[in-house]
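Asker: Let me begin by handing over the structure; questions about it come next.
Residue numbers (my numbering): 1069 to 1998.
Below you can see the structure in the form of structure tokens.
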């Protein structure tokens, strides 16, 4: 029998397992994935359920534990029984960590990070990187490894490689690193930090011209691949090379947020000029000569697929240098699935893109647009508003002065021209010579010239529609010649006429092009295309697309890339895909034709299921100990994303917020109302931290109808509870009380005990705020007893805090402190930061009322630190008010005034009703000091 110490695993490259030096063949497939799971957690027990989730992420076997045991038994026969040991609830790999090159790699990195001298660090990094022999866990089909393990290892390798290069640059001739860096940027062309080091190495060894060429190369790569300009660090490096001064030290590429004010989608590499571009350039010259500080508006209108967005984006890139401060882009969704974006929602999206925290965004439409104008004031702004419905949608978003606004629409926007002085540019079909030029740019000038008659006929078949020409030109690249392309299109037109597709429709020519390209797709790309037509929102992420199509993420990305290459799908931002409205229409038609109703239903169910459980996963990262029994009986059909921490969860909600709203409304209208209200209930923490209260209230009021449509009394209870909580945060206690009572009625009538306990606690809060401490104590005690009987510790802590607040209101400070301390012990055990921040605030108030300023201030400081970690500035300000009051009572009036003034500034931003009272308290302090 083998001993564990003799078995070695190498996974940082070609998979290899050896036992006492002899190779051991582990069959490819799920057995390797199971062994990988044990290796990643070497030295620790892995629960059987976790192993099963990682090995079978799409569909569990019927007998999970028995199947895992069978796989383990097979591995033991190969490796020895003592290598994999049975542990409580699971299994454990019993080999030394150093027997696995992954763990040896990480240990060497740890030692390098702790090294005292650069030469010692460099030696350790070289040893670590020598273990790396290719892609980790190669030849494994595992979404878990692809999502969680391999990317993290890749980041570790990148960090180690770049640090090793930096150290070698100090001690060696930089020219010796150029060849390696060139290989790296070819392999990872969008990683700016590698380009920084290449340009720096070229410059340091006197190859200035090559350094400048490298900058132009990365600039083109970033523009083509991601639609962004080089980051600040690269631009700074470029300026240093141009000036031929001392080259700055390599710096890590800035995070994506630093390019948030450069939002233009990427330009089209093979843009073929059209007459309207010259008209726009003449207009720009007029704008430049105009010395008046005004906002100029250019409205580009035309039929779908005519090239409005392409022209607008191309021109925006040409004139962007004249507007260096901000370059903003927003799709107003005037035409397409779902409702057009309201001016209020558009202003909110633009403000977020400009870095304005959601808590600072007012709830009213007029206030939001006023704030937008204030943020843009004094800055030269290029604002591209794509796909506008009408002038009323655009007008509230216009900056005050010194800016250029470009609007595209199917509508002629005459009101914007008459009232706001917009310059109108109307696009029609391309004339034959421009259409031929576009075909030549995409297909090749020599080939067009060689088959001039066929090219002319091809232009006629596409009726001068740029979208149709782009699609046909891409397909023609793989055809034998233009003559064959023309014949294929004519055959396709006859086929469509036979079936009646597009007859009498102005887009028949586009339908011909789309049909031809669609039929040329492989089965998986075609299925992805059809199912994207069923997606209810405007854009989609790769993992949502994988859920929609019912395939693993890697295959989904491959299919999406195929569709982008075929011009059937657009990728205007990294990791986000969208269909042109007309293409979406066609895709949905193909889904209705090629998929059975049962198949379409499965697709639709998968996508609403994915958004629901993705929202639940994000909410779980924000409130890990919250119970979510409202999900029953819904179980995830596809694996939802996982989030490293609360910040990652909030960022996901921010990215997907508009999509989630669209999916929820679609779900409610298409028989998935149960999914709709559950999605909303999974977003309570996000609403509290990021969404203006009035918006959250309106959303909850809509979702109440979804819960009613689903016929779920418990769902109505959850939505009413959320609605009451939002009203409580807003300070509308009477409305909150009405909603809480309604929620309690629903929970009691449906026999939902935990929901009932939750409402008694929330009612305690309301009565405590209203000064009825007897009722508050009675309700908090009832909630506490119910939670204790249910064994729900988080609920117990929350209601010990509620009870403490009620006792504080009754003047029983000792008892209140005991409740808060007991709640703190539970919160500390659970790691419940949000609840403990509230509890510490209340504990500080009880200490202060008891005449103990020191422990009071310690509790307040802890609450402030917690709220800062949660980015909850409003609650932080409320604690500062109590800090000020405590300091004033202790005789430190000057310091008290400082805290109160800081709190007042924040609460004014939130339009908090308590701001006036604080203002008066500050005035009294000034009077007393005088």
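Virtual Cβ for every residue (Gly too), placed ideally from N, Cα, C.
None of the values given here were measured: they were computed from a predicted structure.
#1: Closest to residue 1832 by C-alpha separation, out of 1287, 1881, 1792, 1520, would be which residue?
#2: Expressed to the nearest angstrom, what Euclidean distance is found between the alpha-carbon atoms of residue 1886 and residue 1893?
#3: Is it true that the CB of residue 1734 sits closer than 8 angstroms to the CB of residue 1775?
#4: Taking the straight line between their C-alpha atoms, what separation do you get for residue 1082 and residue 1623?
#5: Am I right that residue 1250 and residue 1264 are in contact with their C-beta atoms under 8 angstroms? What's the rounded C-beta distance?
#6: Less than 8 angstroms between the beta carbons of residue 1968 and residue 1952, yes or no?
#7: Comparing alpha-carbon positions, which option in 1898, 1897, 1907, 1901 lies nearest residue 1888?
#8: Just to confirm, are residue 1106 and residue 1159 a CB contact at a threshold of 8 angstroms?
#9: What residues in its chain sit with their C-beta under 7 angstroms from that of residue 1683, if we drop five residues either side in the sequence?
#10: Just the Cα atoms here: how many angstroms apart are residue 1509 and residue 1339?
#11: Specify the secondary structure class of residue 1879 as computed by DSSP and reduced to three states.
#12: What is the residue span of the beta strand (DSSP E) that residue 1999 lies within?
#13: Quick one: grab the DSSP three-state call for residue 1646.
#14: On a CA-only basis, which of 1198, 1630, 1537, 1174 is nearest residue 1220? Give me that one, please.
#15: By the three-class DSSP mapping on this structure, what secondary structure does residue 1131 have?
#16: In the DSSP output, which residue or residues are listed as bridge partners for residue 1473?
#17: What number of angstroms, rounded off, separates the C-alpha of residue 1136 from the C-alpha of residue 1669?
#18: Applying the 10 Å Cβ sphere with the 16-neighbour rule, what's the burial state of residue 1104?
#19: Which parts of the region 1365 to 1444 are runs of the beta strand (DSSP E), unbroken and 3 residues or longer, counting only runs that do not cross its ends?
#20: Can you check DSSP and say which residues form a bridge with residue 1255?
#21: Return the CA-CA distance between residue 1492 and residue 1399, expressed in angstroms with no decimal places.
#22: In chain order, which continuous runs of the alpha helix (DSSP H) of length 4 or greater are located wholly inside the region 1840 to 1913?
#23: Give the single residue among 1843, 1808, 1786 whose Cα lies nearest to the Cα of residue 1820.
#24: Determine the DSSP secondary structure at residue 1702, reduced to helix, strand or coil.
#25: Can you tell me whether residue 1973 is buried or exposed, with buried defined as 16 or more other CB within 10 angstroms of its CB?
#26: Beta-carbon separation of residue 1945 and residue 1971 under 8 angstroms?
#27: Spatial neighbours of residue 1877 within its chain, please: C-beta separation below 8 angstroms, excluding the five flanking residues on both sides.
#28: Apart from the five residues just before and just after residue 1705, which ones in its own chain have a Cβ nearer than 6 angstroms to its Cβ?
#29: Contact between the region 1500 to 1519 and the region 1472 to 1491: three or more CB pairs below 8 angstroms?
#30: Residue 1271 to residue 1260, Cα distance in whole Å?
#31: Would DSSP call residue 1607 helix, strand or coil?
#32: Please give the ranges of any alpha helix (DSSP H) in the region 1920 to 1984, keeping only runs that are unbroken, at least 4 residues long and fully inside the region.
#33: So what's residue 1091 in DSSP terms, helix, strand or just coil?
#34: Leaving out the 5 sequence neighbours to the left and right, which residues in its chain are closer than 8 angstroms to residue 1098 when beta-carbon positions are compared?
#35: What are the residues that DSSP puts in a beta bridge with residue 1161?
#36: Considering residue 1749, what are the terminal residues of the alpha helix (DSSP H) in which it resides?
Answerer: Based on what the coordinates show:
#1: 1792
#2: 11 angstroms
#3: no
#4: 22 angstroms
#5: Their Cβ separation, rounded to whole angstroms, is 14 angstroms, which puts residue 1250 and residue 1264 out of contact at 8 angstroms.
#6: yes
#7: 1907
#8: yes
#9: 1728, 1747, 1750, 1751
#10: 7 angstroms
#11: coil
#12: Any question about residue 1999 goes unanswered here, given that the chain covers just 1069 to 1998.
#13: strand
#14: 1174
#15: coil
#16: 1365, 1451
#17: 32 angstroms
#18: buried
#19: 1394 to 1399
#20: Looking at the DSSP assignment, residue 1255 forms no beta bridge with any residue, so it has no partner.
#21: 19 angstroms
#22: 1841 to 1858, 1861 to 1877, 1881 to 1898
#23: 1786
#24: coil
#25: exposed
#26: yes
#27: 1836, 1839, 1841, 1844
#28: 1674, 1677
#29: no
#30: 16 angstroms
#31: strand
#32: 1921 to 1937, 1941 to 1957, 1961 to 1977
#33: strand
#34: 1123, 1124, 1139
#35: 1152
#36: 1741 to 1749
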